[in-house]
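The listed protein sequences derive, respectively, from chains A and B. Once you know that position 26 of the first sequence is 26 in my numbering, the rest is easy, because the numbers rise by one and skip nothing. Once you know that position 272 of the second sequence is 1272 in my numbering, the rest is easy, because the numbers rise by one and skip nothing. All C-beta atoms, glycine included, are put in the ideal place defined by N, C-alpha and C. A short write-up of the structure that comes next.
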Amino acid sequence: MSRITLENIHKTFGKVKALDGVSIDVKDKEFFVLFGPAGAGKTTILNCIAGIAMPEEGVVKFDGEIINLVETAKRNVAMVFENYALYPQMTVYDNMASPLRSDLYRQNEDVIKERVYAAAKMMKMENLLERLPSQLSNGQKQRVAMGRALVRTPNVFLMDEPLAHLDAKLRNAMRTELKEMQANFGTTSIYVTHDFMEAMSLGDRIAIVNQGKIVQIGTPDDIYYLACNEFVAQLMGDPEINILSGLLRKNGDNYSFLSNGSEFVLPADAALMNKLAAYDGKSVDIGIRPQHVMYSFSKDAGYRDYQVYSYESIGNKSVIEAYPAGHSGRGDTHTHVRMIAPNGLTIKIDQLIYIDFKLDHTMFFDGSSKEFIGCYNEAGIRALSAGKEEA
Amino acid sequence: MNKGSKRLLTITQNGLLFIYAIFALFPLIWMVLLSIKSDTQMYTTTFNFTPTLSNYTEVLLKTDYFKYLLDSLIVAGGAVIISVIAGVPAAYALARYDFKKKEDIAFQILSFKFAPEILVVLPLFMIYQTLGLYDSYFGLIWVYQLISMPLLIWVVRGYFEDISVEIEHAAQVDGYSWYQIFFKMLLPLIKPGLVSAALLAFIFAWNTFTFPLLLAGSKIQPITVAITKFLGTDTAHYGQLAVAATVSALPAIIFALCIQKHLVRGLSFGAVKG
């Protein structure tokens, strides 16, 4: 149980800058998610906290105490490694018991047995305890690696993609269990993932990491609704957010957005319009989530002509991807629009589809810097997110 | 494949294996046979002879044979023990740490095995004379490192490289110190490689002839050198030679049999992968 603070951490491997001035402040008992694309430096952040990697610059603090020079063993952290790192010569039981048998964290064998069985039960692998790691599937190995961490009562749990190799059903079940377990234990947890569903559902707060830098830190709602730039907006959400580039123009009292030869008149929102005033006549991008794209197969007023690029099922719903009708750039994916549709539609590739946007759900980004400008009902979203954080 | 041709295949396979077994074992069997023949029957090629143990009593009881055997054991065993004590940490360092000229050093160690012994033994002889290492256990154990150390370092290094570094990290996180990790987590994983490399190194050291012939003389005589004594100036006592050779082969054979199951697995890499 501990507050973990990283201040301005720099870490390089040879000529590669792995971490470039990372600062995060993880509160006591918080479930903190590190989210980002592969190679962003997420695992290196965990390694710096665990003491496996030594930052060249910056300090790591546990409860305000600088622990840069404390050995890994004495930091009392529990870590789940992405490649499991099980001890091949030991059975599952011995693997899970190993932290409780070390000099620093020794428990008597009765306690060990109790804790190992409790963890094994939670992971649904009581029947595997006598096996060797080489006799396990990857998903099972991953659960053992989790179990080895869960038998402890550490300062912080560090989890490096602990659910990545589980099958979908088990992953969902474990996700729920993890969240509940963390709430019960009240142990600070730092969780690395590249699955946005996991990040959204588990995290009290999420830090977006890219190229060794922290891009944004916030609650899942913050990150989702108020993404600080286009990169974050595209990272969060599946199917990916639609980004349309265009020009902003003031038209009497209203603003309109010109993109691909069509004009969108923006609904009014005083706070947003104030922010947009500076961008009159300049290029902006708008981001609109696929669920806010409406489609029709008959020409309705205000709908624009598109053609179907693909139609694929993602389980209980499908995604239609479409490109502007007659547009030469069929392969130009920047102009494509994704939207959510029910399953079982008879849709032919390249057939006409008519599309309109729920413009009062859009986010605005600077056309050149790609930074967030504003969105509709921003104050409301912020209030909601702040309220959640306090609770 | 039908039943008949399957059986034919089995017969051929077993037949070939049988022929190979005879080929491989014949010299050994011949050696054992010689050791129980008397000198007069030595050159008969029929199996019609009266077995005698006189060669054995002659060699084992009337010469310092066991002293030579002990010398061999001390020198070869000492060489292997030192190789293990110094070689395993060296192998760990070469596998895990990144330092300047790492590969050059590793290659340099291997290259000790390239030069024929006869090539380096003369300068060594001069140096040993000067340093007073000539004809001493220490001197021989030292020079035997040329034989045992490179083998051990290279085999064990491969084993360390196969162990993912995260296993060490995980053990650190679990609260173990470096020494505990080394002895509890790493040593069991490199054991097959270590055991088989040590055994091979022992056999090579045991069999080496050139170094002890020239770097030891009267006080210390490993068995390989001592055997030459049975080649008399006028006649060769083949029976006694055979006894000396048979008995001197025993330690290596016994060791090999004891750790047979490690031996095959041990030298094929990748046995550690979890």
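Straight-line measurement puts the Cα of LYS1191/B at about 24 Å from the Cα of LEU1250/B. In this structure, the beta-carbon distance from LEU1152/B to ALA1198/B falls below 8 Å. Shown here for LEU1110/B: same chain residues with a beta carbon closer than 7 Å to its own, the five before and five after excluded, namely PRO1150, TRP1154 in chain order. As summarised for the region 1082 to 1137 of chain B, the continuous alpha helix (DSSP H) elements at least 4 residues long and confined to that stretch are 1102 to 1111, 1117 to 1131, given in chain order. Per the coordinates, the alpha-carbon of VAL80/A lies some 26 Å from the alpha-carbon of ILE223/A.
The continuous alpha helix (DSSP H) containing PHE1026/B extends over residues 1003 to 1035.
Closer than 8 Å to the CB of PHE185/A there is not a single CB belonging to chain B. In this structure, DSSP gives ASP285/A an extended state, which the three-state scheme calls strand. A Cβ-Cβ separation of about 6 Å places THR72/A in contact with VAL1173/B under the 8 Å criterion. Distance between ASP1064/B and SER1038/B, taken at the CA atoms: about 21 Å. Under a 10 Å Cβ-count criterion, TYR354/A is classified as buried, with 16 or more other Cβ atoms of the shown protein chains found around its own Cβ. GLU198/A sits in a helix when the DSSP states are folded into three classes.
ARG3/A and PHE62/A have their alpha carbons spaced roughly 6 Å apart. With contacts defined as CB atoms closer than 8 Å, VAL284/A and LEU248/A qualify as a contacting pair. Contact check between the region 1172 to 1186 of chain B and the region 1093 to 1106 of chain B: fewer than three CB pairs, one atom from each, fall below 8 Å, which does not count as touching.
Where LYS42/A is concerned, the enclosing alpha helix (DSSP H) starts and stops at 42 to 50. If you draw a straight line from the Cα of SER296/A to the Cα of PRO267/A, it is about 21 Å long. In this structure SER318/A is buried. Its beta-carbon is surrounded by 16 or more other beta-carbon atoms within 10 angstroms. Between the C-alpha atoms of GLU82/A and PHE35/A there is a straight-line separation of about 14 Å. For ILE1153/B, no chain A residue has a Cβ inside 7 Å of its Cβ, as the nearest lies near 22 Å away. Using a CB distance cut-off of 8 Å, ASP1162/B does not count as an interface residue toward chain A. Distance from the Cα of ASP269/A is smallest, within the candidate group ASP253/A, SER262/A, SER259/A, for ASP253/A. Interface residue (Cβ-Cβ distance to chain B less than 8 Å): MET79/A is classified as such. Separation of the CB atoms of GLN1240/B and ASN1055/B is rounded to 5 Å, and the pair is thereby assigned contact status at 8 Å. Two segments are said to touch when three or more pairs of C-beta atoms, one from each, lie closer than 8 Å; by this definition the region 1119 to 1136 of chain B touches the region 1200 to 1216 of chain B.
By a beta-carbon distance limit of 8 Å, PHE372/A contacts CYS228/A. Their separation comes to about 5 Å.
Contacts between PRO220/A and chain B, judged by CB atoms closer than 9 Å, are missing: the closest CB pair is about 28 Å apart.
Excluding residues up to 5 positions away in sequence, TYR87, MET90, ARG148 lie with their Cβ nearer than 8 Å to the Cβ of SER98/A in the same chain. A straight-line Cα-Cα distance of about 8 Å links TYR84/A and MET146/A.
When Cβ pairs closer than 8 Å are counted between the two stretches, the region 1108 to 1127 of chain B is seen not to touch the region 1230 to 1237 of chain B, the count staying below three. Minimum Cα-Cα distance from SER201/A among the listed residues TYR191/A, PHE257/A, ALA118/A corresponds to TYR191/A. In the three-state scheme derived from DSSP, where H, G and I count as helix and E and B as strand, ILE1074/B is classed as helix.
The Cβ atoms of PHE13/A and GLN182/A do not sit closer than 8 Å to each other. ALA1091/B is positioned such that its CB atom lies closer than 8 Å to that of PHE1160/B. When the five nearest sequence neighbours on each side are left out, the beta carbons in the same chain lying within less than 6 Å of the beta carbon of GLU1058/B are those of GLN1240, in order along the chain. By the 16-neighbour rule on beta-carbons within 10 angstroms, VAL265/A is exposed.
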